[in-house]
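Participant: Take this structure first; my questions come after.
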Amino acid sequence: NAGVTQTPKFQVLKTGQSMTLQCAQDMNHEYMSWYRQDPGMGLRLIHYSVGAGITDQGEVPNGYNVSRSTTEDFPLRLLSAAPSQTSVYFCASSYSGDMGSSYEQYFGPGTRLTVT
Amino acid sequence: QQQVKQSPQSLIVQKGGISIINCAYENTAFDYFPWYQQFPGKGPALLIAIRPDVSEKKEGRFTISFNKSAKQFSLHIMDSQPGDSATYFCAASSDSNYQLIWGAGTKLIIKP
Numbered sequence: 003n004a005g006v007t008q009t010p011k012f013q014v015l016k017t018g019q020s021m022t023l024q025c026a027q028d029m030n031h032e033y034m035s036w037y038r039q040d041p042g043m044g045l046r047l048i049h050y051s052v053g054a055g056i057t058d059q060g061e062v063p064n065g066y067n068v069s070r071s072t073t074e075d076f077p078l079r080l081l082s083a084a085p086s087q088t089s090v091y092f093c094a095s096s097y098s099g100d101m102g103s104s105y106e107q108y109f110g111p112g113t114r115l116t117v118t
Numbered sequence: 772q773q774q775v776k777q778s779p780q781s782l783i784v785q786k787g788g789i790s791i792i793n794c795a796y797e798n799t800a801f802d803y804f805p806w807y808q809q810f811p812g813k814g815p816a817l818l819i820a821i822r823p824d825v826s827e828k829k830e831g832r833f834t835i836s837f838n839k840s841a842k843q844f845s846l847h848i849m850d851s852q853p854g855d856s857a858t859y860f861c862a863a864s865s866d867s868n869y870q871l872i873w874g875a876g877t878k879l880i881i882k883p
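Below you can see the structure in the form of structure tokens.
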């Protein structure tokens, strides 16, 4: 059981470039989410999904796209990278039932992104 | 309404002492309050969680105290150990939505 995996671990982009952060989980969790973590700001939700084909915006969705074609994968796309998107990105997954996000979330190891 | 305010930002405690981290919320619809622990270079991991039907929950050296009327909850770490040195996040959510709202985090250092 690998849990939640994320690739790459580190990435440097130039302003305006695009890229996709990969996230996969093998726990058959319906709920998956992407967060960004910045110093002094905790974790902020970017996008989330409650199942294949269903996505929704979180607190800070601008500049990011997601899709969910399978239960296992939930990639995050940066459309045109900006220095403000320099951050550590975490993917998480959890069971999804009738209690919203009130289940244990399992996090990946993170992707450290720098935009110059 | 959606915020969770966490304090202190950083905390230094002697080995064997009690570490206390506090959180306050405004949204009375919140009904799930987890604490996550994060070590450097790792993702957060669930430490302990509470629902408002109880005022306290204990798991080993970790205790959550919950005050519904004051809209506050806190994490107590008894007999703090150097291995407890990490960043701790409180969070809150309601069963009716899918967004976990996070505090800003507390960097805890336990001095040997």
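Taken in order, these protein sequences are the chains called Z and P.
In terms of my numbering, the first sequence opens at residue 3 and continues consecutively.
In terms of my numbering, the second sequence opens at residue 772 and continues consecutively.
Beta carbons are placed, not taken as given, at the ideal position from N, Cα and C, and that holds for glycine.
1. What are the start and end residues of the beta strand (DSSP E) that includes P/ALA857?
2. Quick one, are the C-beta atoms of Z/SER35 and Z/LEU80 less than 8 Å apart?
3. Report the three-state DSSP secondary structure of P/SER790 (helix, strand or coil).
4. Using CA atoms only, rank isn't needed, just tell me which of P/ASP824, P/TYR807, P/ILE791 is closest to P/ILE872.
5. Does the beta carbon of P/LYS813 sit closer than 8 Å to a beta carbon anywhere in chain Z?
6. What separation, rounded to the nearest whole angstrom, lies between the Cα atoms of P/SER826 and P/ALA820?
7. What is the C-beta distance between Z/GLN107 and P/LEU817, in whole angstroms, given that I count them as a contact (C-beta under 8 Å)?
8. Pull up the CB-CB distance for P/GLN870 and Z/LEU47, whole angstroms please, since I reckon it's below 8 Å.
9. Please report the straight-line C-alpha distance between P/THR877 and P/CYS794, rounded to a whole angstrom.
10. If you follow the beta strand (DSSP E) that P/PHE810 is in, where does it begin and where does it stop?
11. Indicate whether at least one CB of chain P lies closer than 8 Å to the CB of Z/LEU47.
12. Z/LEU45: which of P/MET849, P/SER851, P/TYR859, P/SER865 sits nearest, CA to CA?
13. Mind listing the chain P neighbours of Z/VAL62? Cutoff is C-beta to C-beta under 9 Å, in chain order.
14. Give the interface partners of P/GLY874 over in chain Z, defined as CB-CB distance under 8 Å, in chain order.
15. Using a C-beta cutoff of 8 Å, does Z/PRO77 count as contacting chain P?
16. Applying the 10 Å Cβ sphere with the 16-neighbour rule, what's the burial state of Z/SER82?
17. What separation, rounded to the nearest whole angstrom, lies between the Cα atoms of Z/PRO85 and P/SER840?
18. Counting only Cβ pairs nearer than 9 Å, list the residues of chain P close to Z/PRO111.
19. Let's see if you can read the secondary structure: which residues bound the beta strand (DSSP E) around Z/VAL90?
20. Since P/ALA862 and P/GLY874 are thought to touch, with beta carbons under 8 Å apart, how far apart are those beta carbons, to the nearest angstrom?
21. At the 8 Å Cβ level, is Z/GLN19 part of the contact set with chain P, yes or no?
Facilitator: Looking at the atomic coordinates:
1. Here the beta strand (DSSP E) through P/ALA857 covers 857-863.
2. no
3. In the structure shown, P/SER790 sits in a strand (DSSP, three-state: E or B).
4. Out of P/ASP824, P/TYR807, P/ILE791, P/TYR807 has the C-alpha closest to the C-alpha of P/ILE872.
5. yes
6. 12 Å
7. 7 Å
8. 6 Å
9. 10 Å
10. No beta strand (DSSP E) holds P/PHE810; DSSP gives it neither H nor E.
11. yes
12. P/TYR859
13. Chain P residues near Z/VAL62: none, gap ~11 Å exceeds 9 Å.
14. Neighbours of P/GLY874 on chain Z, chain order: GLY44.
15. no
16. Its Cβ having fewer than 16 others within 10 Å, Z/SER82 is exposed.
17. 42 Å
18. Against chain P, a Cβ distance below 9 Å from Z/PRO111 picks out GLY812, LYS813, GLY814.
19. 89-96
20. 7 Å
21. no
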